[in-house]
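Enquirer:
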Amino acid sequence: MANVITSDIYKRLFQPNATEKELMSVARITTLVVGTLVTLGALFVDRFGGAFEASKLFTSLFAVPLIIPVLFGLLFKKANSSGAILSLVFGVATGLILNFIPSISWQLATFITIVVGVFTFGFSSVWTNRSTAQQNRVDAFFLRLRTPVTLDEQSTISNDFKRALLLLFMFGLGAVGILLLVMSLPSLSDYSGQLTMIAAFCCLAITGVLYFFLPKQTSVVP
12 MANVITSDIY KRLFQPNATE KELMSVARIT TLVVGTLVTL GALFVDRFGG AFEASKLFTS
72 LFAVPLIIPV LFGLLFKKAN SSGAILSLVF GVATGLILNF IPSISWQLAT FITIVVGVFT
132 FGFSSVWTNR STAQQNRVDA FFLRLRTPVT LDEQSTISND FKRALLLLFM FGLGAVGILL
192 LVMSLPSLSD YSGQLTMIAA FCCLAITGVL YFFLPKQTSV VP
């Protein structure tokens, strides 16, 4: 979050020539503010009906209106910043209003928010124009999307790096399997305990199978 606000918002929109020291200060302040807000939210999460209810509320309020401009901006060349901003504003406002209507479920509220965001984005993008600079940036972006990557530009991943990633995945999967196995022991007589043990053995079995697919470690010649 701090990196997004510092690099994508502060540096790109407000201070393109910001120094590393200035960016570090902004990142620290952002981390402090976001951490404080998250901590305060955790203290009052019970007022939303629990963590799950709070997650549903904030997902319908912010995640849905945010994903619409991102998705449409990648798919349609006509999309512009005015449509993105209006779609976000109207989407969040719609979600807030519907949240205060108890008769409307969160599923229906989310669907209505999507519809409002899509129509607002589409209408605004059609009836508003870009500046020449914005149009040039959009044309350059879609040109890069259409341009195939050459073999020289493709990055190669070494066997050692693949091996390290697979070992990390195996360690995590094996740890989950052991944890599930321990959790299942006190309730083996129950159906849920038996399912947990089956899941544990599946995790451990997959970990064992993955061991045979480990890339060979590159020998280091001194």
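In this text, residue positions in the sequence shown follow this note's numbering: the first is 12, and each later residue adds one. For each residue, glycine too, the CB sits at the ideal point set by N, CA and C. Everything numeric in this text was worked out from a predicted model, so none of it was measured.
#1: Classify P197 as helix, strand or coil using the three-state DSSP reduction.
#2: Rounded to whole angstroms, what's the CA-CA distance from D201 to I78? Just pull it up for me.
#3: Taking I108 as the reference, give the member of L206, T124, S98 with the closest Cα.
#4: CA-CA distance, L43 and L184?
#5: If you check the beta carbons only, do R155 and K227 fall under 9 Å apart?
#6: On the three-state DSSP scale, how would you describe R155?
#7: For S98, report the span of its alpha helix (DSSP H) as first-last.
#8: Going by Cα to Cα distance, which pick from F180, L99, A104 is closest to L82?
#9: Beta-carbon separation of P197 and G188 under 9 Å?
#10: Return the residue from the list T17, P27, R23, F25 that minimises the CA-CA distance to L34.
#11: Exposed or buried, what is T50 when buried is set at 16 or more other beta-carbons lying within 10 Å of its beta-carbon?
#12: Looking only at its chain, what residues have a beta carbon closer than 7 Å to the beta carbon of V220, apart from the 5 residues adjacent to it on each side?
Expert: Let me spell this out:
#1: Numbered from its first residue, the sequence shown carries residue 197 at position 186. P197 falls in the helix class under three-state DSSP.
#2: As a working note, residue 201 is residue 190 in the sequence shown. As a working note, residue 78 is residue 67 in the sequence shown. Between the alpha carbons of D201 and I78 lies a distance of about 42 Å.
#3: Translated into the one-based positions of the sequence shown, residue 108 becomes position 97. Checked all of L206, T124, S98; the closest Cα to I108 is T124.
#4: To locate residue 43, count along the sequence shown from 1; it is residue 32. To locate residue 184, count along the sequence shown from 1; it is residue 173. If I take the Cα positions, the gap works out to 33 Å.
#5: The count along the sequence shown starts at 1 and reaches residue 155 at position 144. The count along the sequence shown starts at 1 and reaches residue 227 at position 216. Cβ distance not < 9 Å, so R155 and K227 don't count as in contact.
#6: Walking along the sequence shown from the start, residue 155 turns up at place 144. R155 sits in a helix when the DSSP states are folded into three classes.
#7: For the purposes of this step, residue 98 is taken as the residue at position 87 of the sequence shown. That run of the alpha helix (DSSP H) goes 92-110.
#8: Residue mapping note: residue 82 aligns to position 71 of the sequence shown, counting from 1. Closest by alpha carbon: L99.
#9: If you number the sequence shown from 1, residue 197 lands on position 186. If you number the sequence shown from 1, residue 188 lands on position 177. One thing to note: P197 has its Cβ no nearer than 9 Å to the Cβ of G188.
#10: In the sequence shown, counting from the first residue as 1, residue 34 sits at position 23. Residue T17 is the option with its Cα nearest to L34.
#11: Start at 1 with the first residue of the sequence shown, and residue 50 comes out as number 39. The residue in question, T50, is exposed, as its Cβ has fewer than 16 Cβ neighbours within 10 Å.
#12: The sequence position of residue 220 within the sequence shown is 209, counting from 1. Cβ within range, chain order: n/a, list empty.
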